[in-house]
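Read through the structure below, which is laid out as structure tokens, and then see the notes.
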Amino acid sequence: MIVNSLRLKNFRIHKNSIFNFSEKLNFIVGGNGQGKTTILESIYLICTTKSFKSSSDSELAGFESEGYEVSATVSEKTESDVKVIYLRDEKKKRYLRDSKNITRISDIIGKFPVVLLTPADSEITHGYATERRRLIDSIISQSSELYFEILMDYSKTVKQRAALLNMIREKRLSYLFDELDAWDEKLVKEGMELMKYREKFLTGFNEYVTDAFRQVVELKETPVIRYDSIYVNGYDTPEKFSELLKKNRDKEIYRGVNLYGPHRDEFLFYLNDKLLKSYGSQGQHKTFQVALRFAQFFYLKQILNRTPVFLLDDVFGELDQNRSVKISSFLSEIGQAFITLTDFSNYQSLVSDTGNSCFNIEEGKIRA
Amino acid sequence: MSLIEPLEAVIEEFSKFPGIGKKTAYRLAIYLLRRPAKDVTRFTDSVTSLKQKVTFCKRCFNLAEGDYCMVCSGLKRDGSKICVVEDITDVMAIERTHEYDGLYHVLGGVLSPLSGVGPEDIKLYELFNRIREENVKEVILALNPDTEGDTTSMYIVRNLKETDVRISRIARGIPIGGDIEFSDDATISRALKGRITISNE
Ligand SMILES: [Zn+2]
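Protein sequences appear in the order of chains A and B. Heads up, the first sequence stops at 432 in my numbering, and the numbers go up one at a time, no gaps. Heads up, the second sequence stops at 214 in my numbering, and the numbers go up one at a time, no gaps.
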């Protein structure tokens, strides 16, 4: 997919900005707080309906504005106009594709695939298991509408079941235990599906991670992601999962928390058979983060038969110049990318000869 | 801004309606104020008689004008089939298709611990009583296929395990996240015809 043009109205610091993009690399240059990341944020919004900074819509809308409007012309086999409109008064966001209102989020996710690499990715290799689950979920969700729907269903089930466990702890009424049986069944049904999906996904995805190491970072190290879940630890059928819940029912009621299921899964990153989190150097962490996003890119491209848009936010500041230039030239061969930079002096050569574009952003405006 | 008290009272009442904000409530109140007196009387009369005359069916909890609803008192209805729905609007949607000749049971909600709705807050025990007391052979579950609807269906199936009624679910002709109420008639007819037996066959 290609984002041909973009218009931001009252979107954060941008009052009214219009961009015509290159089909290859688009460098977005500017100081901190000038509104360059906002451009990536708006493209991400078009692709997913959300900000990657987990900002609320009222935060995205410019100061004292009535709301924001982000519109883009996107080509993916055919060309379509996409608009995201938020009005502060209505507290409502609308998503329009070719003037048609789209209400189901699963009709949006994955239609315009997007891959984002940011400094916040360090949380994926350094941080809690939640971050790794979020990464895996976002990749599978973009490639499978069914997975996304089951995931939504499952997270609602987890919340409902937790509320019930707490209720039972307070008043141990027999009909509540009766109800818990039904929520157990629901948790097992959707949970089992998710874990099956995740295991199958990882088998294929690991090859993409290995390839990304070879192609992009050109290292001979062997990366692998291992799945750690009740599913791979003996509870791989609905019957066994149910049994596990029955056996630990008192414990779950006492704690008031769902203790078992895919929301507790962990994904472990290994490099040459060593656990990255414990033994990896800073450089190896960074390399792994970059490789994960390239793996995501090629995986989505293969599964969806659509080329994702690649967003790189302030990443080159963290890599040495050689590596950055190498990644840029690789990117320009595989699709459209948006790269934010604070300092452009080292990358001048990339713009001049290859049909790439560069935008200087200052206080929410394009400087000529 | 402080308004004349009777006007403020009406705005206050309108803004309690679902989906109506203060602004719209104000517009509605002003609209009423500008209508001729007889129009306003007709409106308030109709609201009064709504509450006086419309009740809930003693058997299936559908809307009724007496003890029993139109469906339950209909002569050509097959009493051996009960279609379980969440809400009255679902009954209306299915009735519009003219495809179904059995009876209904309106739960008036679905299980949702987060909203404090448990088995005793909706008409589940009433359903189990009906199945025990009436000559029911088939129960058709037509709850919305979302998290809470699904779990409520599972709860019903678990509680009917000991009986010999056939339980079926309407096929997933209705998209996930799409309420029965908003689905078109053709989709509902297809869903009813394609129902799948899930137990006690
Ligand atoms: Zn009735």
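Glycine included, C-beta positions come from ideal geometry on N, C-alpha and C.
Give a yes or no on whether the minimum CB-CB distance between residue i and chain B is below 9 Å.
i, result
"Gln206 (chain A)", "no"
"Asp121 (chain A)", "no"
"Lys250 (chain A)", "yes"
"Asp201 (chain A)", "no"
"Asp242 (chain A)", "yes"
"Tyr239 (chain A)", "yes"
With DSSP as the reference, identify every bridge partner of residue i, one or two as the case may be.
i, result
"Ile84 (chain A)", "Per the sequence presented here, residue 84 (chain A) reads as Asn, with Ile not at that position. Bridge partners of Asn84 (chain A): A:Ser69."
"Ile204 (chain A)", "Answer is none; Ile204 (chain A) lacks a bridge partner."
"Cys111 (chain A)", "The partner list for Cys111 (chain A) (beta bridge, DSSP) is empty, contrary to what the question assumes."
"Phe305 (chain A)", "Paired residues: none, contrary to the question."
"Ile425 (chain A)", "A:Ile430"
"Ile115 (chain B)", "The sequence shown places Gly at residue 115 (chain B), rather than the Ile named in the question. Paired residues: B:Asp91."
"Ile153 (chain B)", "B:Cys96, B:Ser181"
"Phe69 (chain B)", "B:Leu76"
"Gly131 (chain A)", "A:Leu151"
"Leu395 (chain A)", "Leu395 (chain A) pairs with nothing; no bridge assigned."
"Ser139 (chain A)", "A:Ile66, A:Glu143"
"His78 (chain A)", "A:Phe75"
"Arg290 (chain A)", "A:Leu332"
If you draw a straight line from the C-alpha of residue i to the C-alpha of residue j, how long is it?
i, j, result
"Arg171 (chain B)", "Gly126 (chain A)", "53 Å"
"Pro177 (chain A)", "Gln385 (chain A)", "28 Å"
"Arg233 (chain A)", "Leu356 (chain A)", "42 Å"
"Pro372 (chain A)", "Val179 (chain A)", "6 Å"
"Glu382 (chain A)", "Ser342 (chain A)", "21 Å"
"Lys100 (chain A)", "Met216 (chain A)", "32 Å"
"Asn420 (chain A)", "Lys88 (chain A)", "6 Å"
"Ala106 (chain B)", "Ile110 (chain A)", "35 Å"
"Phe333 (chain A)", "Val130 (chain B)", "42 Å"
"Phe83 (chain A)", "Thr404 (chain A)", "15 Å"
"Glu307 (chain A)", "Leu251 (chain A)", "13 Å"
"Val98 (chain B)", "Leu340 (chain A)", "52 Å"
"Gln412 (chain A)", "Ser392 (chain A)", "12 Å"
"Ile169 (chain B)", "Asp163 (chain B)", "10 Å"
"Arg290 (chain A)", "Leu210 (chain A)", "23 Å"
"Val138 (chain A)", "Ile92 (chain A)", "19 Å"
"Met65 (chain A)", "Ile180 (chain B)", "47 Å"
"Lys429 (chain A)", "Thr167 (chain A)", "32 Å"
"Gln346 (chain A)", "Glu213 (chain A)", "36 Å"
"Ile203 (chain A)", "Val123 (chain B)", "33 Å"
"Ser433 (chain A)", "Asp114 (chain B)", "Because residue 433 (chain A) is not part of the residues shown, which for chain A are 65 to 432, the question remains open."
"Leu154 (chain B)", "Lys51 (chain B)", "46 Å"
"Phe394 (chain A)", "Val280 (chain A)", "7 Å"
"Phe74 (chain B)", "Leu120 (chain B)", "8 Å"
"Glu123 (chain A)", "Val354 (chain A)", "29 Å"
Compute every distance between the C-beta of residue i and the non-hydrogen atoms of ligand 1, then say whether any falls below 8 Å.
i, result
"Leu116 (chain B)", "yes"
"Asn148 (chain B)", "no"
"Tyr113 (chain B)", "no"
"Ala77 (chain B)", "yes"
"Val84 (chain B)", "yes"
"Cys4 (chain B)", "A query on residue 4 (chain B) cannot be resolved here, the shown segment of chain B reaching from 14 to 214 and no further."
"Tyr81 (chain B)", "yes"
"Lys72 (chain B)", "Checking the sequence, you will find Arg at residue 72 (chain B) rather than Lys. At least one heavy atom of ligand 1 is nearer than 8 Å to the Cβ of Arg72 (chain B), so yes."
Give the residues of chain D in contact with residue i, contact being defined as C-beta atoms less than 8 Å apart.
i, result
"Tyr159 (chain A)", "No chain D appears in this structure, whose protein chains are A and B."
Beta-carbon of residue i versus every beta-carbon of chain A: anything under 9 Å?
i, result
"Pro188 (chain B)", "Residue placement at Pro188 (chain B) is flagged as unreliable, the pLDDT there being 44, under the threshold of 50; a coordinate-derived value is accordingly withheld."
Open item on the list: Along the region 118-151 of chain B, where does the CB come closer than 7 Å to a CB of chain A? Name the residues.
Closed with: Leu124, Ser125, Pro126, Leu127, Gly131, Pro132, Glu133
TODO: Check distances from the C-beta atoms of the region 156-186 of chain B to those of chain A and list, in chain order, the residues that come in under 8 Å.
DONE: Asp159, Thr160, Glu161, Asp163, Thr164, Thr165, Met167, Tyr168, Arg171, Asn172
Task: Residues within the region 210-233 of chain A neighbouring chain B, beta-carbon criterion of under 7 Å - done: Glu213, Asp217, Lys220, Thr221, Lys223, Gln224, Ala227, Leu228, Met231
- [ ] Select from the region 244-278 of chain A all residues with a C-beta closer than 7 Å to any C-beta belonging to chain B, and list them in chain order.
- [x] Asp245, Ala246, Trp247, Glu249, Lys250
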